[in-house]
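For the sequence shown, our numbering begins at 33 and goes up steadily by one.
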Amino acid sequence: MKELLYLNKYFVKYKYSFSLGIIFTIIAQIFMLFTPKLISSSFKVIEAFSKDKNISASVIREELLSNILLIIATTIIAGFLTFLMRQTLIVMSRHIEFDLKNEVFRQYENLSQNFYKKNRTGDLMNRISEDVSKVRMYVGPAVMYSINTIIRFTIVIVYMYNVSPRLTLYTILPLPLLSYGIFKLSSEINKRSTVFQQYLSKVSSFSQEIFSGIRVIKAYSLEDQHQNNMVSLAKESKSKSLNLAKVQSLFGPLMLALIGISNLVVIYFGGLMYIEGTIKSIGTIAEFILYVNMLTWPVASLGWVSSMVQEAEASQKRLNEFLKIEPEIKNKNPNKSIINGSISFENVSYTYEDTNIKALKGISFTVKKGETLAILGKTGSGKSTILSLISRLYDVTDGKISIDNQEISLLNLNDLRNSIGIVPQDAFLFSDSIKNNIKFGKEDATDEEVIAAAKSAVVHDNIVGFNKQYDTVLGERGITLSGGQKQRVSIARAIIKNPPILLLDDCLSAVDTETEETILNNLNEICKDKTTIIVSHRVSSAKNADKIIIIDGGKIIQQGSHNQLVNQEGYYASLYLKQLSEKELQ
């Protein structure tokens, strides 16, 4: 149960609903206990009439009718109070589910890039959906039935003891056996539930990966192979589910058998006590049988509740694994930071935690506000890592990054990222309209601003060619568009934000040289007062930059302007001549 202690803060948050639910439960149980008393009273009246014929039959009928009406009235009241109990406690559990899902989602958002490299999307989805749902069953039905059971047991046992302490003792004799059975089965359910949830995550991860890569699978005609893999994984998951179900199915029969034994105990020992004269009325035995049957559902529900608790603990343990992770990237400054845009790297090094690859080694450069820096280099040389460090997706291993002469880690993280417009190499678009994808950079943008940004990114003509134009809804990850169109929509999204810092990560690789030239000319106009960093493999993207640096193996091997570098022997000059000859051949 220690994993579920994490949820206590929610019970405190909703303490008024929780307390009100308990009050409704107590009152409902008191009203339910009128029925056995009234039935016992009715038996005593009948017995009295059978022994004394002088009692008027009409008096007996009136008393019996009165008891019947009271039974109906108290049952209705108890039912209404039970309804209020469910409305209070179950609604509370839905609020807790809402809060917990939001907490998990916020934690997912706060966790660093390294976290997402280590964990699969399907598993993350399963935890925020399936695992949270299991936990909801604990804070709702499990808690409600537990409270109901405890209160009913307490009240019923007290009533039974007041009627006949000896018969009460006989009645509760099977309970130790019940407790032992619950303990053993609960332990097994906990183990099997954990294993089942793990396999469910594997199925979700596998499915999500297949659906995301369906084009590649179809292209290589590997549908049958992956179908077989899915069947194998689903069979394992089914096997774990059946193993769990087998144990859970033992609860019902066990509970009902023990209740049946209790009834037999009441009838047998109650009958003996009536013969002895210890019990004066058959009505007392009837009353005890009703008490025992009132305990039938609470006792039977113990198994179900115990199962829910064990499953919830297994799920909460999986959630706690993530909720208790301290985000690597923290906002150390709650105060507002004004970002102008000058950037300085001082002997910066960075090593990726998951691979231990040293991506940057002693990088130093400065970009003033309004300047443009171009970064060129071979694949894997560390270009994109520089942009990730500026956005604080990672923190430097060694060295120092400053924005406007302030260390980057001391700036307000939200203000820093809001002041940056980034166009990633792999353009990611959401399954939404083209307009909303562009407005992602500025949610309150007008239609005129959206169109202007699209024109600057040279994608407007493509968009108006679609049937629904800017209202065209894209498929997952923007699959509706070509690679070049996705990159240009992504550029429009960054432009409309109008940030003081613009980071372009090889975002023109999928467009032709003519379109690239037009976009770069537009960007030169837009970025006059912005700090711009362009990562590229093309000299054409870098030639107009104020400063160019060449990176190889995480180190700067050349730096200068286009005119300076083209006249020096080295990577830049050879790349320029190679791309110039390729252009001439075209």
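Cβ atoms here follow ideal geometry from the backbone N, Cα and C, with glycine treated the same way.
Under the DSSP assignment, residue 377 falls in the beta strand (DSSP E) whose first and last residues are 375-383. Measuring C-alpha to C-alpha distances from residue 346 to each of 194, 229 and 512 identifies 229 as the nearest.
DSSP places residue 147 inside the alpha helix (DSSP H), whose first and last residues are 145-150. Nearest Cα to residue 52 within the set 500, 518, 232 and 117: 117.
Contact between the segment 518-525 and the segment 587-596 is absent: fewer than 3 CB-CB pairs across the two stretches fall below 8 Å.
Our two residues, residue 166 and residue 182, have alpha carbons roughly 22 Å apart in a direct line. Contact between the segment 295-307 and the segment 134-148 is absent: fewer than 3 CB-CB pairs across the two stretches fall below 8 Å. Here residue 132 has 164 as same chain residues with Cβ atoms under 6 Å from its own Cβ, once five neighbours each way along the sequence are excluded.
Under the DSSP assignment, residue 433 falls in the beta strand (DSSP E) whose first and last residues are 430-435. C-alpha of residue 380 to C-alpha of residue 407: approximately 15 Å in a straight line.
In this structure the segment 417-429 does not lie against the segment 502-521, because fewer than three pairs of beta carbons, one per stretch, are closer than 8 Å. For residue 221, same chain residues with a beta-carbon under 8 Å away, outside a window of 5 residues either side, are 276, 279, 280, 338, 339, 342 and 343 in chain order. Across the structure, residue 38 and residue 330 are spaced so that their CA atoms are roughly 26 Å apart. Rounded to whole angstroms, the gap between the alpha carbons of residue 294 and residue 302 is 11 Å.
The DSSP assignment places complete alpha helix (DSSP H) segments of no fewer than 4 residues inside the segment 438-468 at 445-450, in order along the chain. Per DSSP, reduced to three states, the secondary structure at residue 404 is strand. Annotated as distal: residue 375 and residue 452, with beta-carbon spacing of 8 Å or more. According to DSSP, residue 409 shares a beta bridge with 583.
For residue 393, the enclosing beta strand (DSSP E) begins and ends at 390-399. 8 Å or more divides the Cβ of residue 297 from the Cβ of residue 200.
Annotated three-state conformation of residue 563 is strand, per DSSP. Inclusion of residue 550 and residue 490 in the CB contact set at 8 Å is warranted, their separation being smaller than that value. The C-alpha of residue 363 is placed about 8 Å away from the C-alpha of residue 446. The Cβ atoms of residue 224 and residue 272 lie closer than 8 Å to each other. Residue 279 is not bridged by DSSP to any residue. Going by C-alpha positions, residue 158 is about 21 Å away from residue 359.
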